[in-house]
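Q:
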Amino acid sequence: MNTLWIEGSPKGDDALSSQLAEAFLEGTRYQRFSVWDEDLLRFGHDAAVAKFAPLFGESVTAQQQDIWQQVLDEIERVRSFDRLVISSPMWNWHIPHALKAWIDIIVQPIASFTLDAGGRHVGTLGDGKPVQLILTRSSAYDGRHPELNDFQRPYLEYVFGMLGYRVQTLVIEPTTRWTPEERAQMRTEAIELARRAGHHH
Ligand SMILES: Cc1cc2nc3c(=O)[nH]c(=O)nc-3n(C[C@H](O)[C@H](O)[C@H](O)COP(=O)(O)O)c2cc1C
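Numbering follows the UniProt record's numbering, with no gaps: position 138 of the sequence shown is 138.
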């Protein structure tokens, strides 16, 4: 099984979510891909125009066509893996913008999802393959603080479910502990949890 690990934290090896993903993936074959990679395609004006041009019967420029090819290539790269692992911190109750920017590339009608006769979304990218979400956040979103809203977990579960993946989620929270000892203990326990979750797959 070949796994694509999509790394959502810019902190690299210092990120708890990245350390958890490495523990989860221990002993398996995977490719690490940071959404913070500066070479990542920027989905801007030309891509946004190219996305809707065929639906409206409009022609596209050579540059727009080229950008669109890069979008399709990225979708095919993702499709070539048997499994996805997505590690991400919560940023302002949602996901970091770089992860959202990458999702804006891979979620495309026809190329990664379609609609059935009833107008419902049918994911064609996931095709029943697994995606493991590994999520960190400072606060607790388990009902202890009902005033806190979590858009990180439901958003990722919705999008990847919609793309046709079988979604599993590991949440580590709250990650902010006030003493170095508490932080070290939280990290050790969380990494062990991720390692065990990985070995069950
Ligand atoms: C820009 C930014 C925004 C954040 N926003 C939230 C937030 O809305 N809620 C929360 O619980 N934690 C928030 N955090 C804290 C991180 O989610 C938390 O520290 C997490 O454990 C970091 O994971 P990482 O080490 O994998 O990057 C934020 C952190 C940063 C850097």
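Even for Gly, the Cβ is constructed at its ideal location relative to N, Cα and C.
For Arg79, which of helix, strand or coil comes out of DSSP?
A: Translated into positions along the sequence shown, residue 79 becomes position 79. Note: Arg79 maps to helix in three-state DSSP.
Q: Please report the residue range of the alpha helix (DSSP H) in which Ser18 lies.
A: Position 18 of the sequence shown, counted from the start, is the residue given in the question as residue 18. That run of the alpha helix (DSSP H) goes Leu16 to Leu25.
Q: Does the Cβ of Pro146 lie closer than 6 Å to at least one heavy atom of ligand 1?
A: Here the question's residue 146 lines up with position 146 in the sequence shown. Answer for Pro146: no, Cβ out of range of ligand 1.
Q: Would you tell me roughly how many angstroms separate the C-alpha atoms of Ile67 and Ala47, rounded to the nearest one?
A: The count along the sequence shown starts at 1 and reaches residue 67 at position 67. The count along the sequence shown starts at 1 and reaches residue 47 at position 47. Looking at the two C-alpha atoms, the distance is approximately 6 Å.
Q: Would you mind stating whether Thr175 and Thr136 have Cβ atoms separated by less than 7 Å?
A: Within the sequence shown, the letter at position 175 stands for residue 175. Within the sequence shown, the letter at position 136 stands for residue 136. For Thr175 and Thr136, yes; Cβs fall inside 7 Å.
Q: Looking at the strands, I want to know which residues DSSP matches up with Arg29.
A: On the sequence shown, position 29 is the one that residue 29 refers to. Answer is Asn2.
Q: Can you tell me whether DSSP reads Gly128 as helix, strand or coil?
A: Mapped onto the sequence shown, residue 128 falls at position 128. Gly128 falls in the coil class under three-state DSSP.
Q: Could you check how far apart the C-beta atoms of Met90 and Gln168 are, in whole angstroms? I think they sit under 8 Å.
A: Within the sequence shown, numbered from 1, the residue matching residue 90 stands at position 90. Within the sequence shown, numbered from 1, the residue matching residue 168 stands at position 168. The Cβ separation is near 18 Å, so there is no contact.
Q: Cβ-heavy atom distance between Leu84 and ligand 1 below 6 Å?
A: Taking the sequence shown and counting its residues from 1, the one referred to as residue 84 is at position 84. It does not: the Cβ of Leu84 is nowhere closer than 6 Å to a heavy atom of ligand 1.
Q: Quick one: Cα of Phe52 to Cα of Pro109, how far?
A: Translated into positions along the sequence shown, residue 52 becomes position 52. Translated into positions along the sequence shown, residue 109 becomes position 109. Cα to Cα, the separation comes out at about 10 Å.
Q: Pairs of beta-carbons, one from the segment 95-112 and one from the segment 36-50, closer than 8 Å: are there three or more?
A: As far as the Cβ criterion goes, the segment 95-112 touches the segment 36-50, which means the pair count is three or higher.
Q: Does the separation of the CB atoms of Val122 and Phe160 fall below 7 Å?
A: In the sequence shown, the residue the question calls residue 122 occupies position 122. In the sequence shown, the residue the question calls residue 160 occupies position 160. No, these two residues do not count as a Cβ contact at 7 Å.
Q: Specify the secondary structure class of Thr188 as computed by DSSP and reduced to three states.
A: Within the sequence shown, numbered from 1, the residue matching residue 188 stands at position 188. Three-state DSSP puts Thr188 in a helix.
Q: Within the chosen definition, does the segment 143-158 reach the segment 71-90 through at least 3 CB pairs nearer than 8 Å?
A: The segment 143-158, when compared against the segment 71-90, does touch it at the 8 Å Cβ threshold.
Q: What is the residue span of the alpha helix (DSSP H) that Gln152 lies within?
A: Indexing the sequence shown from 1 puts residue 152 at position 152. Gln152 to Met162 is the extent of the alpha helix (DSSP H) around Gln152.
Q: Alpha carbon to alpha carbon, what distance is there between Gly12 and His45?
A: Counting from 1 along the sequence shown, the entry for residue 45 is found at position 45. Counting from 1 along the sequence shown, the entry for residue 12 is found at position 12. Going by the C-alpha atoms only, they are around 30 Å apart.
Q: By Cβ distance, which residues of its chain are closer than 7 Å to Ile191, with the 5 residues on each side in sequence left out?
A: On the sequence shown, position 191 is the one that residue 191 refers to. Hits under 7 Å: Gln19, Leu20 and Ala23.
Q: Would you call Thr3 buried or exposed, if buried means 16 or more other Cβ atoms sit within 10 Å of its Cβ?
A: For the purposes of this step, residue 3 is taken as residue 3 along the sequence shown, with counting starting at 1. It counts as buried.
Q: For ligand 1, I want to know if Lys100 counts as a neighbour, meaning its beta carbon is within less than 6 Å of at least one of the ligand's heavy atoms.
A: Reading the sequence shown from its first residue, position 100 is the one you call residue 100. No, since every heavy atom of ligand 1 falls outside the 6 Å radius drawn around the Cβ of Lys100.
Q: Grouping DSSP H, G and I as helix and E and B as strand, with all else coil, what is Pro180?
A: Working through the sequence shown from its first residue, we reach residue 180 at position 180. Three-state result, Pro180: helix.
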